[in-house]
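>
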Amino acid sequence: KSGYFMGSSLSLFDIQLYNLIHFFDDQESVQKALADCSNLKAIHDKVEQTPAIKKWLAERPESKL
């Protein structure tokens, strides 16, 4: 109900879940799979919109990993 996996605030697990989702190269298939998992998709989107994470994603160094 909070929009996070556990508790009422962002946790390391939420961030790890976000990272796991973005670990796979075939993001098109991942996004299709997430479409059937509305709670996981909501957590993903909430983490991505967290101001500090949004800033990091925009400014992070280019990496092959």
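Going by the working numbering, the sequence shown opens with residue 189, and the numbers climb by one from there.
Idealized CB from N, CA, C, for every residue including glycine.
Here the structure is a predicted model, which means the values were calculated and not measured.
#1: DSSP state of residue 208, grouped into three classes?
#2: Do residue 236 and residue 192 have their beta-carbon atoms positioned less than 9 Å apart in this structure?
#3: Give me the Cβ distance between residue 232 and residue 203, rounded to the nearest whole Å; I'm assuming they're in contact under 8 Å.
#4: Taking the alpha-carbon of residue 252 as reference, which of 189, 195, 213 and 190 has the nearest alpha-carbon?
#5: At the level of alpha carbons, what is the spacing between residue 247 and residue 239?
According to the structure data:
#1: In the three-state reduction of the DSSP assignment, residue 208 falls in the helix class, which pools H, G and I.
#2: No; because the gap between Cβ atoms is not below 9 Å, this pair is not in contact.
#3: With 8 Å as the limit, residue 232 and residue 203 do not qualify as a contact, their Cβ atoms being about 11 Å apart.
#4: Nearest of 189, 195, 213 and 190 to residue 252, Cα basis: 213.
#5: Taking the straight line joining both Cα atoms gives about 12 Å.
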